[in-house]
Structure formats: structure tokens, C-alpha cells
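Enquirer: One structure follows; several queries about it will come next.
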Amino acid sequence: MARNEWPEGTVLPGEVELAEQLAVARTSVREALARLKAKGMVLSRQKAGTRVTPRVQWNMLDEDVLRWTWQCGERAAFAHHLLQLRRIIEPAACALAAQGALDASIAVIERAYRQMDAAGMDPVAYAGPDLEFHRAILAATGNPFLVAFGAGIEAALRMSFELSTRQPGAPRHSLPGHREVLDAIWARDPQRARQAMETLLGLTEANIQRGLSPAAP
Numbered sequence: 006m007a008r009n010e011w012p013e014g015t016v017l018p019g020e021v022e023l024a025e026q027l028a029v030a031r032t033s034v035r036e037a038l039a040r041l042k043a044k045g046m047v048l049s050r051q052k053a054g055t056r057v058t059p060r061v062q063w064n065m066l067d068e069d070v071l072r073w074t075w076q077c078g079e080r081a082a083f084a085h086h087l088l089q090l091r092r093i094i095e096p097a098a099c100a101l102a103a104q105g106a107l108d109a110s111i112a113v114i115e116r117a118y119r120q121m122d123a124a125g126m127d128p129v130a131y132a133g134p135d136l137e138f139h140r141a142i143l144a145a146t147g148n149p150f151l152v153a154f155g156a157g158i159e160a161a162l163r164m165s166f167e168l169s170t171r172q173p174g175a176p177r178h179s180l181p182g183h184r185e186v187l188d189a190i191w192a193r194d195p196q197r198a199r200q201a202m203e204t205l206l207g208l209t210e211a212n213i214q215r216g217l218s219p220a221a222p
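Following the numbering used here, the numbering of the sequence shown begins with 6 at its first residue and continues without gaps.
Here it is as C-alpha cells:
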């Protein structure tokens with residue numbers, strides 16, 4: 006489906022035929038179809054069979070769906086769409102955190118920042134704290150929907166970081182931008198916090214574009 010082997014609207018073969026084609030047990034096919042249905046990728050109806058749903062109905066924030074689309078789709082467009090999503094959510098979240106976050110919540114953001122700083126030039130060691138930094142900002146808003154959103158976009162953020170940290174020294178170069186976000190939130194300055202995140206995401210976008218270039222490793 007992600008590779009478009011079965012385009013939208015296609016009626017899938019029956020369980021027995023799929024099991025034979027894939028050389029797996031019928032129970033495995035049934036379990037796989039149940040997972041795809043839960044992700045919004047297929048719809049089963051009695052007498053009508055199992056049909057591939059339009060991509061707009063897929064749960065694009067599901068970790069598996071994100072990974073499959075990332076592996077099989079047009080990466081430049083995919084990365085662009087992810088960054089658009091982050092630009093909509095994260096600057097506003099920074100403003101909310103600056104406006105009303107508890108000191109303890111901001112301390113979690115700072116702890117993640119210090120772990121990023123300690124990681125130095127190691128992109129692998131940097132990635133985990135970087136992810137926690139951004140999720141902690143969403144949590145600091147105190148908005149339960151944004152907190153849930155943070156959990157949902159974890160895989161999306163990981164893919165974004167994978168591209169943005171491909172350039173030599175990219176993690177270290179982004180550290181001052183993260184510091185500015187943190188300082189603005191501590192200063193309780195919503196506008197400054199919003200602008201700092203917008204600037205940081207601009208740097209991220211530039212690193213992603215370089216990471217997608219043919220010369221990138």
C-alpha cells in the first residue's frame with residue numbers, strides 16, 4: 006500500500022489467497038489485516054471484501070505508517086510536510102509554555118538541553134535529548150491535547166532529526182538555538198519564545214534540505 010502495489014480503492018485478495026502469496030499462515034494474514042484496519046489503511050465490509058482506503062484516511066501519525074511512508078514515498082515531500090506540521094504546532098507551544106508553564110516543567114526542558122550539550126558532536130547521543138526537549142515543551146503547555154500530540158509525533162520528530170543531523174556538526178550548531186528557546190521560556194516571554202522556535206525550525210529545515218541532497222551520505 007505504501008509502495009502503491011495496491012492503489013487506493015483496490016479490493017485485496019482473500020485471506021487464503023494472501024496467505025498463499027505471502028507464504029504465511031492464514032492467522033498471520035488476519036492479524037496483519039486487523040492492524041492495517043486499526044491504522045485506517047484498509048476497510049473491511051461483509052460481502053464487499055477488504056479495500057485499500059484513500060491515503061487521507063490513514064493515521065499518518067502512527068509510527069508504522071510513518072515509517073512505511075518514509076521508506077517508500079517521496080522523502081523530500083514527506084520531510085516538507087512534517088516540517089510544516091512542526092511549524093504550526095511548536096512555536097505556539099513555546100509561547101504557551103512561556104506564558105504559563107510551572108518552573109518544574111521548564112526544568113525538564115532545561116535538563117534535556119543540558120543532556121544535548123553533554124552529547125557534544127555525537128549525533129546519536131544528541132538525538133534522544135533533542136527529542137525530549139521538544140516533547141517537554143509540549144508537555145509544559147499543560148494542554149492535554151498537545152501532550153498527546155507530542156507522543157503521537159515522536160516517530161515524525163525522529164525522522165526529522167535523522168535528516169537534520171546528517172550534516173557534520175549539525176547537532177552542535179543547533180545548540181544555541183535550543184538555548185535561546187529555553188531562555189525565552191524561562192524569561193516568560195511568549196513572543197520571544199515563539200520567534201526562537203521559528204528560527205530554530207528554520208535551521209532544521211536548512212539541515213534537512215542538505216540531508217536530502219544527492220551528495221548527502
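Glycine included, each C-beta is placed from N, C-alpha and C at the ideal position. All figures in this text were calculated on a predicted structure; none of them were measured in a lab.
1. Which of the three DSSP states is assigned to T204 in this structure?
2. Identify whether P222 lies in helix, strand or coil by the three-state DSSP scheme.
3. Enumerate, from N- to C-terminal direction, the unbroken alpha helix (DSSP H) stretches of 4 or more residues contained entirely within the segment 52 to 138.
4. Quick one: using the 10 Å Cβ neighbour count with 16 as the cut-off for buried, is P222 buried or exposed?
5. How big is the Cα-Cα spacing for R60 and G125?
6. Does the Cβ-Cβ distance between A106 and T74 come in under 9 Å?
7. Compute the Euclidean distance between the alpha carbons of D122 and Y131, then round it to the nearest angstrom.
8. The beta strand (DSSP E) with L48 in it runs from where to where?
9. Taking one C-beta from the segment 77 to 90 and one from the segment 112 to 122 each time, how about it: are there three or more such pairs within less than 8 Å?
10. If we ignore side chains and look at the alpha-carbon of each, how far apart do L162 and T204 end up?
11. Can you give, in chain order, each stretch of the alpha helix (DSSP H) that sits fully within the segment 144 to 193 and has at least 4 residues?
12. Measure from the alpha carbon of R184 to the alpha carbon of each residue in R193, N148, I114, then state which is nearest.
13. Are three or more beta carbon pairs between the segment 186 to 194 and the segment 82 to 93 nearer than 8 Å?
14. Could you tell me whether the Cβ atoms of N148 and S179 are closer together than 9 Å?
15. Give the DSSP-derived three-state secondary structure of V16 in the structure shown.
16. Near L101, what residues of its chain come up, given a Cβ to Cβ distance below 6 Å and the 5 sequence neighbours on each side ignored?
17. With distances taken between CB atoms, is the gap from T58 to V47 smaller than 9 Å?
18. Return yes when the Cβ of T55 is within less than 9 Å of the Cβ of V16, no when it is not.
Expert: Working from what's here:
1. One-based indexing of the sequence shown puts residue 204 at position 199. DSSP places T204 in helix when its eight states are reduced to three.
2. In the sequence shown, the residue the question calls residue 222 occupies position 217. Only weak support is given to the placement of P222: the predicted model assigns it a pLDDT of 48, under 50, and the value that follows is read from those uncertain coordinates. Of the three classes helix, strand and coil, the one that applies to P222 here is coil, per DSSP.
3. 68 to 77, 80 to 105, 108 to 124
4. Position 217 of the sequence shown holds residue 222. Note on P222: pLDDT 48, under 50, position unreliable in the model; the coordinate value appears next. It is exposed - the Cβ of P222 has fewer than 16 other Cβ atoms within 10 Å.
5. As a position in the sequence shown, residue 60 is number 55, starting the count at 1. As a position in the sequence shown, residue 125 is number 120, starting the count at 1. Approximately 40 Å between the Cα atoms of the pair.
6. Along the sequence shown, one-based indexing puts residue 106 at 101. Along the sequence shown, one-based indexing puts residue 74 at 69. For A106 and T74, no; Cβs fall outside 9 Å.
7. The sequence position of residue 122 within the sequence shown is 117, counting from 1. The sequence position of residue 131 within the sequence shown is 126, counting from 1. In a straight line, the C-alpha of D122 is about 8 Å away from that of Y131.
8. The residue given as residue 48 occupies position 43 in the sequence shown. Unbroken beta strand (DSSP E) run through L48: 47 to 50.
9. no
10. In the sequence shown, counting from the first residue as 1, residue 162 sits at position 157. In the sequence shown, counting from the first residue as 1, residue 204 sits at position 199. One C-alpha to the other measures close to 17 Å.
11. 149 to 157, 159 to 169, 175 to 191
12. Here residue 184 is taken as the residue at index 179 of the sequence shown, counted from 1. If we check each option's Cα against that of R184, I114 comes out closest.
13. no
14. Reading the sequence shown from its first residue, position 143 is the one you call residue 148. Reading the sequence shown from its first residue, position 174 is the one you call residue 179. No, the Cβ-Cβ distance between N148 and S179 is not below 9 Å.
15. On the sequence shown, residue 16 is found 11 positions in, with the first residue counted as 1. Three-state DSSP puts V16 in a strand.
16. Position 96 of the sequence shown holds residue 101. Closer than 6 Å at the Cβ level, and outside the excluded window around L101, lie T146.
17. Translated into the one-based positions of the sequence shown, residue 58 becomes position 53. Translated into the one-based positions of the sequence shown, residue 47 becomes position 42. Result yes, Cβ atoms of T58 and V47 sit closer than 9 Å.
18. Within the sequence shown, residue 16 is the residue found at index 11, counting from 1. Within the sequence shown, residue 55 is the residue found at index 50, counting from 1. Closer than 9 Å, so yes.
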